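**Student:** Residue numbers (my numbering): 3 to 285.
Below is the structure I would like to discuss, written out as structure tokens.
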Amino acid sequence: MGSLTPSALPSTDLPQLSPVPLGWTTDDRIVARAHLVGERLVLKTLETTAALSTNPLIVRAGASGCAVLLRYGVVVVFNLDPTEEAQYLDSLTPFIKEPSAEPVFEELILAFRPDAKERLEQANLWLKDCSAERLQIVAEALAKSVVLDYYEQKVSSLFAQIKPFTTAIQDPHQRPPKEKELLRYIGGTLLIQQKMLGIVEVGDKPDPIWDFPDLNRLYLRLEDEYELRERLLILEQKLSLISRSVETALGILQQGSSHRVEWYIVILIVVEILLAVYELWLQ
Numbered sequence: 003m004g005s006l007t008p009s010a011l012p013s014t015d016l017p018q019l020s021p022v023p024l025g026w027t028t029d030d031r032i033v034a035r036a037h038l039v040g041e042r043l044v045l046k047t048l049e050t051t052a053a054l055s056t057n058p059l060i061v062r063a064g065a066s067g068c069a070v071l072l073r074y075g076v077v078v079v080f081n082l083d084p085t086e087e088a089q090y091l092d093s094l095t096p097f098i099k100e101p102s103a104e105p106v107f108e109e110l111i112l113a114f115r116p117d118a119k120e121r122l123e124q125a126n127l128w129l130k131d132c133s134a135e136r137l138q139i140v141a142e143a144l145a146k147s148v149v150l151d152y153y154e155q156k157v158s159s160l161f162a163q164i165k166p167f168t169t170a171i172q173d174p175h176q177r178p179p180k181e182k183e184l185l186r187y188i189g190g191t192l193l194i195q196q197k198m199l200g201i202v203e204v205g206d207k208p209d210p211i212w213d214f215p216d217l218n219r220l221y222l223r224l225e226d227e228y229e230l231r232e233r234l235l236i237l238e239q240k241l242s243l244i245s246r247s248v249e250t251a252l253g254i255l256q257q258g259s260s261h262r263v264e265w266y267i268v269i270l271i272v273v274e275i276l277l278a279v280y281e282l283w284l285q
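The following block contains the structure:
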């Protein structure tokens, strides 16, 4: 049974990795599970209670586990049994804004060895130790994966919903979309882009990497394993296609409305001329 205390760095002037005192050993296999619990987590109160580290916040959970809490609505738990996990997630209910209707989660098994190459081997992610920074990086990768999974489902649903609109452009017998419907879909795509890029920052690196550049390799391997950049790019392309399709349909609809207004004006002018001619004829 080996110790998991982070190795000391050569110089005390450099930032030190933060040990997580949970009693884990090299014999343990730790299950990490990320849950998308809502649109946002309010962490102000939680940051002052039982915090092991911050940016992102790590707190104790269960008998010998912990949880990483991310503001964009993801909770990543480590070493919690099913009962502890359910109880802990339930305890967070007051801090969750707009709870998720359906569960979205991602799971990974962690193993530890001081000489580990920090990569996935036989379904286990091998880490050198259980420092807070390593757990934060694992948590960020899992969290971004579940967020992408959630928005992949949302975008697929959007595609299905706008299909009748694009079909109606080609088929004059189908009911054309209403302007309010189209504007709602444009708003929906913009909201997804704002949340993915502005709030979750899927394409950005976790904060611990700025203080510990050596951990960048671990994150890049996880980023590659979960195809975070590729999935983000595909989502952006799909959202762009949805926006263009809806904007095209809206443009055609507004053009048709403009033509109808022009015809109404012409008809009114003709009616006024006919009335004027009729009045002259009566005189």
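Glycine included, C-beta positions come from ideal geometry on N, C-alpha and C.
Note that the structure is predicted; figures quoted are calculated from it, not measured.
1. Considering S93, what are the terminal residues of the alpha helix (DSSP H) in which it resides?
2. If you draw a straight line from the C-alpha of L150 to the C-alpha of G64, how long is it?
3. Whole angstroms are fine: how far does the CA of I164 sit from the CA of I244?
4. Between V76 and L112, is the Cβ-Cβ spacing less than 7 Å?
5. So, at 7 Å on beta carbons, what are the nonlocal neighbours of L71 in its own chain, with the 5 sequence-adjacent residues on each side left out?
6. Within 10 angstroms of the Cβ of S260, are there 16 or more other Cβ atoms? Answer buried if so, exposed if not.
7. Under the three-state reduction of DSSP, which class applies to S133: helix, strand or coil?
8. Is the CB-CB distance between A134 and V22 below 7 Å?
9. First and last residue of the alpha helix (DSSP H) that includes L224?
10. Under the three-state reduction of DSSP, which class applies to F80: helix, strand or coil?
11. Go ahead and label T191 buried or exposed: buried means 16 or more other beta carbons lie within 10 angstroms of its beta carbon, across all protein chains shown.
12. Once you ignore the five residues that flank D117 on each side, which residues in its own chain have a CB closer than 7 Å to its CB?
13. Go to P210, then tell me how far its beta strand (DSSP E) extends in each direction, as first and last residue.
14. Taking 7 Å as the cut-off, decide whether the C-beta atoms of A36 and E104 are in contact.
15. Could you check whether G25 and S55 sit closer than 7 Å to each other, using their CB atoms as the reference points?
16. Hey, L220 and E120: beta-carbon distance below 7 Å or not?
17. Would you report the Cα separation of Y90 and P96, rounded to the nearest angstrom?
18. Within its chain, find whatever has a CB closer than 6 Å to the CB of E142; leave out the 5 residues flanking it on each side and keep chain order.
19. Could you give the distance in angstroms between the alpha-carbon of C68 and the alpha-carbon of W212?
20. Give the DSSP-derived three-state secondary structure of H261 in the structure shown.
21. Over the uninterrupted beta strand (DSSP E) stretch that includes L48, give me the two end residues.
22. For K156 versus V204, is the C-beta distance shorter than 7 Å?
23. Which stretch, first to last residue, makes up the beta strand (DSSP E) that contains P101?
24. Count the other C-beta atoms from every protein chain shown that fall within 10 angstroms of the C-beta of P101, then say buried if there are 16 or more, exposed otherwise.
25. Please list, in chain order, all residues of the same chain as G40 whose beta carbon is under 7 Å from its beta carbon, the five residues on each side excluded.
**Tutor:** Taking the geometry as given:
1. Locating residue 93 in the sequence shown gives position 91, counting from the first residue. Run containing S93: 84-93, per the alpha helix (DSSP H) assignment.
2. The residue you call residue 150 lines up with position 148 of the sequence shown. The residue you call residue 64 lines up with position 62 of the sequence shown. Going from the Cα of L150 to the Cα of G64 covers about 28 Å.
3. In the sequence shown, the residue the question calls residue 244 occupies position 242. In the sequence shown, the residue the question calls residue 164 occupies position 162. A direct Cα-Cα distance of roughly 8 Å separates I244 from I164.
4. Counting from one through the sequence shown, the residue named residue 76 turns up at place 74. Counting from one through the sequence shown, the residue named residue 112 turns up at place 110. The Cβ atoms of V76 and L112 lie no closer than 7 Å to each other.
5. Taking the sequence shown and counting its residues from 1, the one referred to as residue 71 is at position 69. Scanning its chain for C-beta atoms nearer than 7 Å, with the 5 sequence neighbours on each side dropped, one finds around L71 the residues L43, L45, L48, P58, L59, V61, V77, in chain order.
6. As a first step, residue 260 is located in the sequence shown; it is residue number 258 there, counting from the start. Reliability of the predicted coordinates at S260 is poor, the pLDDT of 49 falling under 50, and the value obtained from them is presented with this limitation in mind. So S260 ends up on the exposed side.
7. The residue you call residue 133 lines up with position 131 of the sequence shown. Coil at S133, not helix or strand.
8. As a first step, residue 134 must be located in the sequence shown, where it is residue number 132. As a first step, residue 22 must be located in the sequence shown, where it is residue number 20. Cβ atoms of A134 and V22: closer than 7 Å.
9. Sequence index remark: in the sequence shown, residue 224 carries index 222 (1-based). Looking at the DSSP string, the run of the alpha helix (DSSP H) that includes L224 is 218-227.
10. If you number the sequence shown from 1, residue 80 lands on position 78. It is a strand residue.
11. Here residue 191 refers to the residue found at position 189 when the sequence shown is read from its first residue. By the 10 Å Cβ count, T191 comes out buried.
12. Translated into the one-based positions of the sequence shown, residue 117 becomes position 115. Counting only Cβ-Cβ distances below 7 Å, and skipping sequence neighbours, we find nothing.
13. Locating residue 210 in the sequence shown gives position 208, counting from the first residue. In the DSSP assignment, P210 falls outside any beta strand (DSSP E) and within the unbroken alpha helix (DSSP H) covering 210-213.
14. As a working mapping, residue 36 is identified with position 34 in the sequence shown. As a working mapping, residue 104 is identified with position 102 in the sequence shown. No.
15. By 1-based counting over the sequence shown, the position of residue 55 is 53. By 1-based counting over the sequence shown, the position of residue 25 is 23. Taking the C-beta atoms as reference points, G25 is found no nearer than 7 Å to S55.
16. For the purposes of this step, residue 220 is taken as residue 218 along the sequence shown, with counting starting at 1. For the purposes of this step, residue 120 is taken as residue 118 along the sequence shown, with counting starting at 1. Going by C-beta atoms, L220 is nearer than 7 Å to E120.
17. As a first step, residue 90 must be located in the sequence shown, where it is residue number 88. As a first step, residue 96 must be located in the sequence shown, where it is residue number 94. Distance between the alpha carbons of Y90 and P96 is about 12 Å.
18. Within the sequence shown, the letter at position 140 stands for residue 142. Shown here for E142: same chain residues with a beta carbon closer than 6 Å to its own, the five before and five after excluded, namely P208 in chain order.
19. Here residue 68 refers to the residue found at position 66 when the sequence shown is read from its first residue. Here residue 212 refers to the residue found at position 210 when the sequence shown is read from its first residue. When rounded, the distance between both Cα atoms is 23 Å.
20. Within the sequence shown, numbered from 1, the residue matching residue 261 stands at position 259. Only weak support exists for where H261 lies, its pLDDT of 46 falling under 50; the value from the coordinates is given anyway. In the structure shown, H261 sits in a helix (DSSP, three-state: H, G or I).
21. Within the sequence shown, residue 48 is the residue found at index 46, counting from 1. Looking at the DSSP string, L48 is not in any beta strand (DSSP E), and its letter there is neither H nor E.
22. For the purposes of this step, residue 156 is taken as residue 154 along the sequence shown, with counting starting at 1. For the purposes of this step, residue 204 is taken as residue 202 along the sequence shown, with counting starting at 1. No, the Cβ-Cβ distance between K156 and V204 is not below 7 Å.
23. The residue you call residue 101 lines up with position 99 of the sequence shown. Here the beta strand (DSSP E) through P101 covers 98-101.
24. Counting from one through the sequence shown, the residue named residue 101 turns up at place 99. That one is exposed.
25. For this step, residue 40 is matched to residue 38 along the sequence shown. Apart from the 5 residues on each side of it in sequence, G40 sits with its Cβ closer than 7 Å to the Cβ of G75, I98, K99, E100, P101, S102 in its chain, given in chain order.
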